[in-house]
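Before any comments, here is the structure.
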Amino acid sequence: MSDIKVKITDREGVLHEVDAPTDMNMNLMEVVRSYELAPEGTIGICGGMAMCASCQCYVKSEHALPEKSDDEEAMLSEAFFVEDNSRLGCQIHMTPELDGLEVELAPEEA
Amino acid sequence: MIKTDILIIGAGPTGLFAVFEAGLLQLKCHLIDALPQPGGQCAEIYPKKPIYDIPGFPEVLAGELVDNLMEQIKPFQPGFTLGERAETIEKLDDGSFIVTTNKGTKHQAPIVAIAGGLGSFEPRKPQLRNLSQFEDKGVVYMIREPEVFRDRKVIIAGGGDSALDWSIFLADVASEVTLVHRRNEFRGALDSVEKVQQLKNQGKINLITPAEVVDLKGTNKLEGVVIKKTDTSEEIALEVDNFIPLFGLSPKLGPIADWGLEIEKNAIKVDNTLDYQTNIPGIYAIGDVNTYPGKLKLILCGFHEATLMCQSAYQRIFPDKKYVMKYTTVGGVTGFDGSKKEAPKAVVKAID
Chain A
1 MSDIKVKITD REGVLHEVDA PTDMNMNLME VVRSYELAPE GTIGICGGMA MCASCQCYVK
61 SEHALPEKSD DEEAMLSEAF FVEDNSRLGC QIHMTPELDG LEVELAPEEA
Chain B
1 MIKTDILIIG AGPTGLFAVF EAGLLQLKCH LIDALPQPGG QCAEIYPKKP IYDIPGFPEV
61 LAGELVDNLM EQIKPFQPGF TLGERAETIE KLDDGSFIVT TNKGTKHQAP IVAIAGGLGS
121 FEPRKPQLRN LSQFEDKGVV YMIREPEVFR DRKVIIAGGG DSALDWSIFL ADVASEVTLV
181 HRRNEFRGAL DSVEKVQQLK NQGKINLITP AEVVDLKGTN KLEGVVIKKT DTSEEIALEV
241 DNFIPLFGLS PKLGPIADWG LEIEKNAIKV DNTLDYQTNI PGIYAIGDVN TYPGKLKLIL
301 CGFHEATLMC QSAYQRIFPD KKYVMKYTTV GGVTGFDGSK KEAPKAVVKA ID
């Protein structure tokens, strides 16, 4: 059992510091859902296949993240509110290296 | 008026399987779905993705699962109202319901089963300040009648299969087709990408990448768009009759949210101790659209919920009938189309 700390700013601007397990094959989108930091049905709509952008977030810290896959790159190119530091939460797997990660959830698409 | 026993809203895997379970009880079903084809998310979002947790199928493509379900329910002759969204519900004095779609199609049934998944799929709209002003006045999100674009100047935005496929199709219909996308790369079937390349080389498709539409021009109807190249910030004004943004679909619970059902976490609360009925007797919610303590949004759970829902629906329709669940291995499957499937009879014969 090894947890890391992740700082997540929700869509209302509230900061949450949460423990994320690294041994449960979890991704950031699932961490957000498990703590209910965004209403169910507004995040992780496609289930984590990089086929919607409902888990888009802005990465605020300097952590070295895995490269974007073609699917993630393509999805982000069609998403709204995209910034240079945009990533899909479902494609960021919780690993010990990500301890201290800081992210902000992107606005929900209207 | 379309009349049936169980009106199912949503033709995803859960809704389709409900037809089978209802059929075993001799109940007829009709399905409504906003998408033009059955299968829900499985057909629309991820038909080529393998699923590994359908009992008895070590691996099955989502699209194949839908094909299999359609084959399985064929004997029960379900009706379909596709490409229409269930809009309003009305309860009649006899306890039955009338559900009307956005196109005015009316359906009547004593039982309504909402199997709506995440909701109906609505086109994702680009964030443009004056977009709504030009909706149906040049801005189109879904192409139903390609002929309306004959000899018109059309601009399509998007980088997926539908943007590619419609650009190819309209290249022969419209007088001018422009395709814009925020990247140089497209995500689509390889032959569609190659075909667009070919048409571009022949001058039949005007390709502008990486770029996006940033403004719409016109007085009473759309007359032009402003395109911004994302690499150079150069702005291009283009005269067009139609703007077709194809940015995929996103699900919305939609009008069902206003039917007086108890909603929690964007899902419909149901009684999971019994039959997945909602707070309105006669209306059930099954599959991803419902919620209860311990709910899991899995296809296999939707199948279970559909099965119990049908038993409860039967008793609601026939309160005085006695009924005992029968295994298909014993009773076989008798379709409304006269077909009969059953286990072959064992041969009883002496061996000399």
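Chains as they are written, first to last, in the UniProt record's numbering: chain A, 1 to 110; chain B, 1 to 352. Built from N, CA and C at the ideal position, the CB exists for glycine as well.
Return the first residue and the last residue of the alpha helix (DSSP H) that Ala20 (chain A) is part of. Segment Leu15 to Pro21 is the beta strand (DSSP E) holding Ala20 (chain A); no alpha helix (DSSP H) there.
Partners in chain B for Ala106 (chain A), counting only beta-carbon separations shorter than 8 Å: Ordered by position in chain B, no residue passes the 8 Å Cβ test against Ala106 (chain A), which lies about 13 Å from the chain.
Three-state class that DSSP yields for Gln91 (chain A) in the structure shown: helix
Chain B within 8 Å of Ser69 (chain A), Cβ atoms only: no
DSSP beta-bridge partners for Pro245 (chain B)? B:Ala157
Buried or exposed (CB count within 10 angstroms, at least 16 for buried), Gly44 (chain A): buried
Residues of chain A with a CB under 9 Å from the CB of Asn266 (chain B): which are they? Pro39, Glu40, Gly41 and Thr42
Starting from Leu216 (chain B) and walking both ways along the alpha helix (DSSP H), at which residues does that stretch end? Segment Ala211 to Gly218 is the beta strand (DSSP E) holding Leu216 (chain B); no alpha helix (DSSP H) there.
Would you give the residue range spanned by the alpha helix (DSSP H) that Tyr314 (chain B) belongs to? Ile299 to Ile317
Output yes if chain D places a C-beta closer than 8 Å to the C-beta of Gly302 (chain B); else output no. The chain labelled as chain D is not found among the protein chains of the depicted structure, namely A and B.
Is it the case that the CB of Asp161 (chain B) approaches a heavy atom of the ligand NAP more closely than 7 Å? The ligand NAP is not part of this structure, which contains no ligands at all.
Exposed or buried, what is Asp241 (chain B) when buried is set at 16 or more other beta-carbons lying within 10 Å of its beta-carbon? buried
His16 (chain A) burial status per 10 Å Cβ neighbour count (16 or more: buried): exposed
Taking three-plus beta-carbon pairs below 8 Å as touching, is the segment 27-38 of chain B in contact with the segment 72-82 of chain A? no
Candidates A:Val18, A:Ser2 and A:Ala38: closest to Leu105 (chain A) by CA position: A:Ala38
Which word fits Ala343 (chain B), buried or exposed, when buried means at least 16 other C-beta atoms lie within 10 angstroms of its C-beta? exposed
Suppose you measure from the CA of Asn266 (chain B) to the CA of Lys200 (chain B); what does that come to, to the nearest Å? 44 Å
Can you tell me whether residue 357 (chain B) is buried or exposed, with buried defined as 16 or more other CB within 10 angstroms of its CB? Past the boundaries of the shown model lies residue 357 (chain B); chain B is included only from 1 to 352, so the question cannot be answered.
CB of Thr42 (chain A) within 8 Å of CB of Ser34 (chain A), strictly: no
Determine contact between the segment 13-27 of chain A and the segment 242-258 of chain B, defined as no fewer than three beta-carbon pairs at a distance below 8 Å. no
Tell me, please, whether the segment 113-120 of chain B touches the segment 12-22 of chain B by the rule of three or more beta-carbon pairs shorter than 8 Å. yes
Would DSSP call Ser132 (chain B) helix, strand or coil? helix
Assuming Val139 (chain B) contacts Phe243 (chain B) (C-beta within less than 8 Å), just tell me the rounded distance between them. 5 Å
Can you give me the Cβ contacts of Asn245 (chain B) inside the same chain, cut-off strictly under 6 Å, excluding the 5 residues immediately before and after it? Residue identity check: residue 245 (chain B) is Pro in the sequence provided, not Asn. So the list reads Pro126 and Ala157, once near-sequence residues are dropped.
First and last residue of the beta strand (DSSP E) that includes Phe121 (chain B)? Ser120 to Pro123
CB contact check: Pro255 (chain B) to chain A, cutoff 8 Å: no
Please determine if the segment 43-50 of chain B and the segment 58-71 of chain B are in contact, where contact requires at least 3 C-beta pairs separated by less than 8 Å. yes
3 or more residues per run - each beta strand (DSSP E) lying fully within the segment 5-34 of chain B: 6-9 and 29-33
Can you give me the start and stop residues for the alpha helix (DSSP H) that Val330 (chain B) sits inside? Thr328 to Gly331
For Ala22 (chain B) and Asp5 (chain B), which I take to be in contact (beta-carbon distance under 8 Å), what is that distance rounded to the nearest angstrom? 7 Å
I'd like to know if Ile45 (chain B) contacts chain A, where contact means its C-beta is closer than 8 Å to some C-beta of that chain. yes
Give the DSSP-derived three-state secondary structure of Glu235 (chain B) in the structure shown. strand
Would you give the residue range spanned by the alpha helix (DSSP H) that Gln56 (chain A) belongs to? Per DSSP, Gln56 (chain A) belongs to no alpha helix (DSSP H); it is in the beta strand (DSSP E), Gln56 to Val59.
Is Gln37 (chain B) close to chain A, meaning its C-beta is less than 8 Å from at least one C-beta of that chain? no
Using a Cβ-Cβ cut-off of 6 Å (strictly less than) and excluding sequence neighbours within five positions of Glu102 (chain A), which residues of its own chain qualify? Lys7, Lys60 and Ser61
Measuring straight from C-alpha to C-alpha, what distance separates Ile299 (chain B) and Val270 (chain B)? 17 Å
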